[in-house]
Amino acid sequence: MLAECDTGWEQLWKEGMTPWNMGEPSPPLVTLFERHAVDISGLADTTNKKALVPGCGEGHDVVYLAAKGYQATGVDISPTAVEVCRKVVHAQKAGSSAHFMLANFFADPLDEPYDLIFDYTFLCAIQPEQRNEWGRRMAELIRPGGLLITLMFPLDPSLLTGPPFGLSVEIYHQLLSPAFDVVFEDQDFPSAPGREGRERLVVWRRR
Numbered sequence: 001m002l003a004e005c006d007t008g009w010e011q012l013w014k015e016g017m018t019p020w021n022m023g024e025p026s027p028p029l030v031t032l033f034e035r036h037a038v039d040i041s042g043l044a045d046t047t048n049k050k051a052l053v054p055g056c057g058e059g060h061d062v063v064y065l066a067a068k069g070y071q072a073t074g075v076d077i078s079p080t081a082v083e084v085c086r087k088v089v090h091a092q093k094a095g096s097s098a099h100f101m102l103a104n105f106f107a108d109p110l111d112e113p114y115d116l117i118f119d120y121t122f123l124c125a126i127q128p129e130q131r132n133e134w135g136r137r138m139a140e141l142i143r144p145g146g147l148l149i150t151l152m153f154p155l156d157p158s159l160l161t162g163p164p165f166g167l168s169v170e171i172y173h174q175l176l177s178p179a180f181d182v183v184f185e186d187q188d189f190p191s192a193p194g195r196e197g198r199e200r201l202v203v204w205r206r207r
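All residue numbers in the sequence shown are consecutive under full-length UniProt numbering, ending with 207.
And the structure:
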């Protein structure tokens with residue numbers, strides 16, 4: 001049974017109120033692979049590697065990672081979102097490397113460990129009191145030596161009500177530094193319209 005906060009997301013999906021969906025893979029994620037994959041140890045080696053995208057929207061990032069060679073899984077708590085994702089996979093003929101699960105990122109088993117997790121508009125969507133749990137869960141799900149790609153958004157600590165809740169680079173470091181090291185950082189990438197100057201791409205490696 002969906003919890004109260006979960007049903008709120010499901011209602012938004014049913015009503016088509018999903019402005020976070022872009023209809024394509026996240027431009028910074030694409031840029032990361034096209035420009036920098038060879039510079040980040042392990043990122044270009046995708047054979048038999050598993051990737052996870054929590055709060056995966058319409059699933060375009062999952063499909064993109066699958067096309068890059070990952071066994072990619074998208075997770076969402078909304079049944080309608082998962083249904084939409086599966087339609088996207090079918091329409092794009094993404095094959096068997098893109099999967100979607102109806103699951104709670106924090107509470108349900110997710111077939112860990114993963115070699116890669118991509119987080120974009122997920123941390124900002126959860127309640128601030130869940131952030132410490134988010135950091136612990138990332139450390140649980142990613143194998144030692146695995147990578148976490150955080151597309152930090154929105155970098156606006158004054159945004160106190162949400163979702164999306166405002167974030168800062170410092171918040172990410174507080175949550176991830178106990179178990180991760182920064183291996184790459186980039187601010188020079190194409191952002192989705194309206195998000196320019198409000199996001200930063202950082203890749204972390206699990207110790």
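The C-beta atom is built at its ideal place from N, Cα and C for all residues, glycine as well.
These numbers were taken from a predicted model, which means no experiment stands behind them.
Contact under 7 Å by Cβ, residue i with residue j
{"i": "residue 62", "j": "residue 75", "result": "no"}
{"i": "residue 198", "j": "residue 147", "result": "no"}
{"i": "residue 71", "j": "residue 97", "result": "yes"}
{"i": "residue 79", "j": "residue 102", "result": "yes"}
{"i": "residue 115", "j": "residue 49", "result": "yes"}
{"i": "residue 178", "j": "residue 166", "result": "no"}
{"i": "residue 137", "j": "residue 106", "result": "yes"}
{"i": "residue 60", "j": "residue 10", "result": "no"}
Outcome for residue i when other beta-carbon atoms lying within 10 angstroms are tallied against a minimum of 16
{"i": "residue 28", "result": "buried"}
{"i": "residue 8", "result": "exposed"}
{"i": "residue 4", "result": "Interpretation of residue 4 is limited by its pLDDT of 38, a score under 50 that renders its predicted location unreliable; no figure is taken from the coordinates."}
{"i": "residue 158", "result": "exposed"}
{"i": "residue 173", "result": "exposed"}
{"i": "residue 194", "result": "exposed"}
{"i": "residue 66", "result": "buried"}
{"i": "residue 190", "result": "exposed"}
Range of the contiguous alpha helix (DSSP H) that encloses residue i
{"i": "residue 60", "result": "60-67"}
{"i": "residue 46", "result": "Note, residue 46: premise wrong, no alpha helix (DSSP H); not H, not E."}
{"i": "residue 29", "result": "27-31"}
Limits of the unbroken beta strand (DSSP E) element including residue i
{"i": "residue 202", "result": "200-206"}
{"i": "residue 52", "result": "50-54"}
{"i": "residue 236", "result": "Any question about residue 236 goes unanswered here, given that the chain covers just 1 to 207."}
Bridge-paired residues (DSSP) for residue i
{"i": "residue 149", "result": "118 and 203"}
> Which parts of the region 151-191 are runs of the alpha helix (DSSP H), unbroken and 4 residues or longer, counting only runs that do not cross its ends?
Replying inline: 169-176, all fully within the region 151-191.
>> So within the region 96-147, which uninterrupted alpha helix (DSSP H) runs reach at least 4 residues, ignoring any that extend past its ends?
In response: Correct list: 131-141.
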